[in-house]
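In the numbering used here, the protein residues as written are 100 to 424.
Every residue, glycine too, gets a C-beta built ideally from N, C-alpha and C.
Note that the structure is a prediction, hence the values are computed from the model and not measured.
Data block below; observations after.
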Amino acid sequence: MQATPAYFRHTDFPELRRAKLETLQINLGYRCNQACVHCHVDAGPNRTEEMSRGTVDDVLAFLSASKVRTLDITGGAPELNPNFRYLVSIARSRGVHVIDRCNLTILLQPGQEDLAEYLATQQVEVTASLPCYLPQNVDRQRGKGVFSASIEGLRKLNALGYGQTGPGLLLNLVYNPQGPQLPPPQERLEADYRRRLFEDYGILFNRLYTLTNMPIARFRHTLVRTGGHEAYMQLLRNAFDEANLEGVMCRTLLSVDWLGYVYDCDFNQMLGIPLSTAARPRLHLSKLVSVDLEGNPIQVADHCYGCTAGQGSGCSGALRAASTV
């Protein structure tokens with residue numbers, strides 16, 4: 100894991116402490132069939148890092164011992180890890196709710212033709228990236244042809260029962276801005292997505308999550324290159340809302356990298372900012388099986404302003420309704 104850059108080591112962001120652990124979020128590796136310009140993981144087709152079977156077994160052991168009931172699986176494209184289905188099947192057999200952070204186009208990749216059916220059979224919640232309902236915007240951010248492939252992937256999921264009204268297979272979409280601005284109000288944008296995707300393509304989904312672009316990795320590099328980094332950071336600071344501190348994901352989520360080391364959140368993981376412990380610089384998940392993290396201080400830095408600006412931002416979208424902002 101990379102060393103934490105100097106510009107993240109000092110911050111005036113408020114102190115935070117962990118609450119009861121509810122979600123284990125694991126990164127199965129950085130290999131992906133896409134290379135999006137906003138990707139905070141720097142994932143792509145040429146990345147080779149992936150979680151081993153042994154580390155996957157550590158994840159399963161932790162789930163059993165901790166009684167955490169939600170497993171949130173990310174990447175890269177997590178489905179490209181050869182242990183993905185092994186992990187999902189065992190977790191589901193133990194009653195753990197599984198979320199797959201899916202880029203949709205993976206559903207059409209050679210060798211993944213039955214992936215959508217597998218996810219449906221295992222009743223996996225799918226949280227899928229679709230940063231806009233306009234083809235040109237998605238292709239600009241994610242690559243040529245990605246929008247049409249994403250629509251095809253969504254149709255496969257809908258045909259299997261995903262995204263329907265009422266209880267059933269959950270399908271959520273994820274929006275992030277095209278550039279250095281905050282997302283619009285989530286409720287209003289969700290209504291626009293729902294109308295446009297159904298009218299234009301017959302697509303149904305359950306929820307839309309709006310996420311703020313984090314000023315790290317590829318997106319930060321773009322901001323620095325174009326001279327917009329300071330202005331974007333000032334935007335996040337100006338939009339900071341203390342009320343969002345209660346709901347930030349790092350209070351109830353534990354992030355695990357592909358080697359099995361733990362962090363307060365996925366963004367800290369990418370920056371090499373480990374979970375705060377007195378024992379060692381990095382702590383492996385296998386050493387936390389009997390450890391209660393509630394009350395543990397959270398490692399904060401300037402990028403945390405991204406999660407607390409405006410409506411707030413986390414793995415389940417906006418933290419608060421627009422009417423309270």
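Fully contained in the region 155-222 are the following beta strand (DSSP E) runs of length 3 or more, in chain order: 169-173 and 196-201.
Around the beta carbon of D299, fewer than 16 other beta carbons lie within 10 angstroms, which makes this residue exposed. Around T311, the same chain offers N275, P276, L281, P282, L335, G405, C406, A408, G409 and S412 as residues with beta carbons nearer than 8 Å, after the five sequence neighbours per side are excluded. When C-beta atoms of the region 355-365 are compared with those of the region 150-159, three or more pairs fall below 8 Å, so the two segments count as touching. Excluding sequence positions up to five before and after H402, its CB lies within less than 6 Å of the CB of M313, P314, I315 and F366, all in the same chain and listed in chain order. In the three-state DSSP reduction, Q124 falls in the strand class (E or B).
Between L268 and A219, the C-beta spacing is below 8 Å. Within the DSSP bridge table, the entry for R306 names N271 as partners.
The C-beta of N145 has fewer than 16 other C-beta atoms within 10 Å across all chains shown, which makes the residue exposed. In the structure shown, E149 adopts extended strand secondary structure according to DSSP, grouped into three states. Rounded to whole angstroms, T173 and V223 show a C-alpha spacing of 13 Å. Its Cα nearest to that of E286, the residue G416 stands out among L296, A258, F183 and G416.
The three-state reading of DSSP puts G409 in coil, since its state is none of H, G, I, E or B.
When F304, E216 and N202 are compared, the shortest CA-CA separation from Q263 is found for F304.
Sequence-distant partners of K255 (beyond 5 residues in either direction) whose C-beta falls short of 7 Å from its own C-beta, in its chain, are L206 and A215. With respect to the 8 Å criterion, D171 and I198 are classified as neighbours on the basis of their beta carbons. An exposed status is given to N236, since fewer than 16 other beta-carbon atoms sit within 10 Å of its beta-carbon. Between V273 and A338, the beta carbon gap of about 20 Å keeps them out of contact (Cβ cut-off 8 Å).
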